[in-house]
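Under UniProt numbering, think of the first position of the sequence shown as 1, with each following residue one higher.
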Amino acid sequence: MADDLLVTHEGAVRVLTLNRPDKLNALNPALHEALAGAFAAIEADETVRAVLLTGAGRGFCAGADLGQNIGGEMRDLGASIDAHYNPLVRRMRGLGKPVVAAVNGVAAGAGANLALAADIVVACDSATFTQAFIRIGLMPDAGGTFFLPHLVGDARARGLAMLGETVTAREAAAMGMIWRCLPDAGFAEAALALAATLAAKPAQAIAAMKVAFNAAFTNGLDAQLDLERDLQRGLGRTADFAEGVRAFAEKRPARFNGGS
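Okay, here's the thing in structure tokens:
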């Protein structure tokens, strides 16, 4: 249903709110389809400069909706991953705009890894993260085995995945899993302010950073240095760069408009 995902506009920020609070915003096919449509619209809309992804109620996302498989029969989970989870993660990482995940409560299983697919993750004090897959005989998916080792190191990644322990937002911030833990009070407003700050940054520089950071996971140093050179060459020919230099010389805040 369309109401499973709330899409709102706050200036140049597109806010996507997972809206199945009675299910802790667990992911089902309808919600996946709504997310795919929302990100397709964001890709095509040049007025959108940043994305804020959050959840309604007391949870961010509890992962896959297991209520649809209570019978416990064997399933081809790879088909669901191919159809929904992998395209969503690729879309978030490949989007030329910053994505902020505002984790407002429980983030478990694929829900935790959906958050980690964002560019910047903030969580409220009461939020928790759990690689819950082991509890039902599965391994992390939705990018979990990729993001976790890069974010927290191999030893912690294996422990989190194999033990399925829950970590608090403060613990997640301390181990480098997320950008920052924020107070519960005013969390939604603080997350929106962060997204608005990103929306005011030079858009092409942000897009180039995403390309470079994504490539850094697999590039060697020489390839990464060459990529930085090529991306920086393009940025040096943008109106935003010219504006940034002028603003620096004139000792005033830069006014970036994303121009090429």
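From the three backbone atoms N, C-alpha and C, an ideal C-beta is built for every residue, glycine too.
Helix, strand or coil, according to DSSP, for residue i in the structure here?
i	result
Ala64	strand
Leu163	helix
Val48	coil
Leu27	strand
Ala188	helix
Ala83	helix
Met209	helix
Does the separation of the CB atoms of residue i and residue j fall below 8 Å?
i	j	result
Gly105	Ala132	no
Ala107	Val122	no
Asp3	Leu31	no
Ala50	Pro98	yes
Asp45	Asp125	no
Asp175	Arg156	A quick correction: the sequence has Met, not Asp, at residue 175. Going by C-beta atoms, Met175 is nearer than 8 Å to Arg156.
Glu243	Arg233	no
Val89	Ala142	yes
Leu24	Gly59	yes
residue 271	Val48	The displayed coordinates of the chain run from 1 to 260. Any statement about residue 271 would go beyond what the structure contains.
Asp65	Leu27	yes
Name, in chain order, the residues that DSSP records as bridge partners for residue i.
i	result
residue 263	Nothing can be reported for residue 263: it is not among the residues displayed for the chain, which extend from 1 to 260.
Arg14	His9 and Val51
Ile120	Val100
Arg180	Val122
Gly59	Val106
Could you tell me the alpha carbon to alpha carbon distance between residue i and residue j, rounded to whole angstroms?
i	j	result
Phe146	Gly153	11 Å
Leu77	His84	11 Å
Ala112	Phe248	40 Å
Ala216	Ser80	28 Å
Arg14	Ala110	22 Å
Asp222	Arg229	11 Å
Ala56	Pro21	6 Å
With 16 other CB atoms within 10 Å as the buried threshold, where does residue i fall?
i	result
Met1	In this predicted model, Met1 has a pLDDT of only 47, less than 50, meaning its place in the structure is not dependable; the value taken from the coordinates is given anyway. By the neighbour-count rule (16 or more Cβ atoms within 10 Å), Met1 is not buried but exposed.
Asn257	exposed
Asn214	exposed
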